[in-house]
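Beneath this line is the structure, given in structure tokens, with notes to follow.
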Amino acid sequence: LHTIVCREGSFTPGVTTLIAYFKGYTSHAAEPWNGRNPAKAMSQYLLEALKHNMEQKERHEFITVTPAYIELGELSYGVSAGEGSVHLTIRADNNDRLQATLGEVKKTAEKLAKEEELEVRFEEKESFESNKNAPEAVNIIQASAKELGLNYHDKDEPFRWGEDFGLFTNRIKGAMFGIGSGENCKPLHHPAYNFPDEILGNAINMFITIQQKAQG
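Okay, so the sequence shown: first residue is 2 according to the numbering used here, each after it adds one.
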């Protein structure tokens, strides 16, 4: 609890949700050959996308592909589905790796759609750039924690969640840090998660001290 958590380089990954919309056309469920049902292409696309999952712990490199939502057809049991969508949240340790993965996944979707005589289009939502911590900014954070008597933890590897602060650190030298919420605090998005209000005082003092040191 109250420990300041930071590291140089990648602090949070690049993340985006890629939605692939597959479109064919419907037919009677008794005659699916008269339509273009995207179920096969969507299934193969999902399985191929999951093959991009990668973990290189020694180099702190990773790609994580997470299925978030899948939609196919509608609740009409006499109709063979004619369109559907696959929503994948894709993250990687840096922006270049994320963009390369997105490109490969899109090519897979296009190939499968062509084979099944379908149309496919893409949409990206909730994108976050990888957050890069500059050494100069990390030094200020570390010095501020020391001045305030707070423990400092140099994190071995980046966090896995995305954060839009990367929009700043990819353009201006800066750094993001965390404040420990205690070992008994439930993970974010857990039903029982409760923000520990007691860390707010140290958070405020950290920002004030960082500003003073950065200005001079």
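C-beta atoms are modelled at their ideal positions from N, C-alpha and C, and glycine is treated no differently.
In this text the structure is predicted, and so the values were computed from the model without any measurement.
{"Check": "Alpha carbons only, please: which of Thr18, Thr102, Trp34 is nearest the one belonging to Glu49?", "Outcome": "Thr102"}
{"Check": "Contact between the region 122-142 and the region 71-82 is defined here as three or more beta-carbon pairs at a separation below 8 Å; is this criterion met?", "Outcome": "no"}
{"Check": "From what residue to what residue does the alpha helix (DSSP H) around Ala93 run?", "Outcome": "No alpha helix (DSSP H) holds Ala93; the beta strand (DSSP E) holding it covers 84-93."}
{"Check": "Which whole-angstrom value describes the C-beta separation of Val87 and Ala30, a residue pair presumed to lie in contact below a C-beta threshold of 8 Å?", "Outcome": "Not quite, the Cβ-Cβ distance comes to about 22 Å (not below 8 Å), so this is no contact."}
{"Check": "Tell me the rounded alpha-carbon separation between Gln100 and Val16.", "Outcome": "10 Å"}
{"Check": "Report all residues from its chain with a CB closer than 7 Å to the CB of Ala93; omit the five preceding and five following residues, and keep chain order.", "Outcome": "Pro14, Gly15, Phe63, Ile64, Leu99, Thr102"}
{"Check": "Which of the three DSSP states, helix, strand or coil, is assigned to Phe129?", "Outcome": "strand"}
{"Check": "Decide if Tyr194 is buried, meaning its Cβ has at least 16 other Cβ atoms within 10 Å, or exposed.", "Outcome": "exposed"}
{"Check": "Taking all protein chains shown into account, decide if Leu201 is buried (16 or more other Cβ within 10 angstroms of its Cβ) or exposed.", "Outcome": "exposed"}
{"Check": "In this structure, what does DSSP give as the bridge partners for Lys24?", "Outcome": "Glu84, Glu120"}
{"Check": "For Asn54, which residues from the same chain have a beta carbon less than 8 Å from its beta carbon, with the 5 sequence-adjacent residues on both sides left out?", "Outcome": "Ile64, Thr65, Val66"}
{"Check": "Using beta-carbon positions only, say whether Gly179 and Asn132 come within less than 8 Å of one another.", "Outcome": "no"}
{"Check": "Looking at the secondary structure, which residues open and close the beta strand (DSSP E) in which Ile71 lies?", "Outcome": "62-73"}
{"Check": "Here's the rule: buried if 16 or more other CB atoms are within 10 angstroms of the residue's CB, otherwise exposed. What is Asn203?", "Outcome": "buried"}
{"Check": "On the DSSP letters alone, give me the boundaries of the beta strand (DSSP E) that Phe12 sits inside.", "Outcome": "10-13"}
{"Check": "Around the Cβ of Asn134, are there at least 16 other Cβ atoms within 10 angstroms (buried) or fewer (exposed)?", "Outcome": "buried"}
{"Check": "Expressed to the nearest angstrom, what Euclidean distance is found between the alpha-carbon atoms of Glu56 and Arg161?", "Outcome": "12 Å"}
{"Check": "For Asn96 and Phe169, what's the separation of their Cα atoms in angstroms?", "Outcome": "14 Å"}
{"Check": "Of the residues Lys187, Gln143, His3, Ser44, which one's Cα is nearest the Cα of Thr109?", "Outcome": "Ser44"}
{"Check": "Quick check: the Cα distance between Gly175 and Lys41, rounded to an integer number of angstroms?", "Outcome": "46 Å"}
{"Check": "Taking Cβ to Cβ, would you say Ala69 is nearer than 8 Å to Leu89?", "Outcome": "yes"}
{"Check": "Terminal residues of the continuous beta strand (DSSP E) containing Ile5?", "Outcome": "5-7"}
{"Check": "Taking the alpha-carbon positions, what's the Ile209 to Met177 distance?", "Outcome": "15 Å"}
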